[in-house]
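1 is the number of the first residue of the sequence shown in full-length UniProt numbering; add one for each residue after it. Shown next, in structure tokens, is the structure this report addresses.
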Amino acid sequence: MTDTLQQLAEVLEQRKSVAPDSSYVASLYHKGLDAILKKIGEEATETVMAAKDGDRDKIVYETADLWFHSMVLLAHSGLGPQDVLKELERRFGLSGLEEKASRKAE
1 MTDTLQQLAE VLEQRKSVAP DSSYVASLYH KGLDAILKKI GEEATETVMA AKDGDRDKIV
61 YETADLWFHS MVLLAHSGLG PQDVLKELER RFGLSGLEEK ASRKAE
């Protein structure tokens, strides 16, 4: 599973150096952060709507779109899936309440 995320991260990184008209991701990078964030907002909304409809296939489809565009944001920011996985590993074993309380202390 993490192999798929890593492979996608590599492709997203490669798209940074191609012409904006040669790929969807390259065009997003070219448009900048606001365009990437707008797509994440759209995909998050579509994921919520799919969940409200209770359509399992649509939930998976929309979540994949949300993850994809989140990974575009990560790549745009010089980050990758390993950074997120590392943070999730850090939180593993903490209760949600403990993790939330630790953020307030920072």
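Ideal Cβ placement from N, Cα and C applies to all residues, glycine included.
Exercise for the section: Quick one: give me the first and last residue of the alpha helix (DSSP H) that Val48 is part of. Expected result: As a first step, residue 48 must be located in the sequence shown, where it is residue number 48. Run containing Val48: Leu33 to Asp53, per the alpha helix (DSSP H) assignment.
Handout entry: Coarse secondary structure for Val18, derived from DSSP in three states
Key = Indexing the sequence shown from 1 puts residue 18 at position 18. In this structure, Val18 counts as coil in the three-state DSSP scheme.
Problem - Beta-carbon proximity check, Asp57 vs Glu43, cutoff 8 Å - result: The sequence position of residue 57 within the sequence shown is 57, counting from 1. The sequence position of residue 43 within the sequence shown is 43, counting from 1. Their beta carbons are not under 8 Å apart, which means Asp57 does not touch Glu43 by this criterion.
Exercise for the section: Give the single residue among Leu37, Ile59 and Ile36 whose Cα lies nearest to the Cα of residue 109. Expected result: It is not possible to answer for residue 109, since the shown part of the chain is limited to 1 through 106.
Handout entry: Spatial distance of Leu73 from Val25 (CA atoms)
Key = Within the sequence shown, the letter at position 73 stands for residue 73. Within the sequence shown, the letter at position 25 stands for residue 25. Looking at the two C-alpha atoms, the distance is approximately 10 Å.
Problem - Three-state secondary structure (DSSP) of Leu94 - result: Here residue 94 refers to the residue found at position 94 when the sequence shown is read from its first residue. Three-state DSSP puts Leu94 in coil, outside helix and strand.
Practice task
Enumerate in chain order the residues of its own chain whose CB-to-CB distance from His30 is below 7 Å, with the five nearest sequence positions on each side excluded.
Solution key: By one-based count along the sequence shown, residue 30 stands at place 30. For His30, where only same-chain residues beyond five positions count, the Cβ hits under 7 Å are Pro20.
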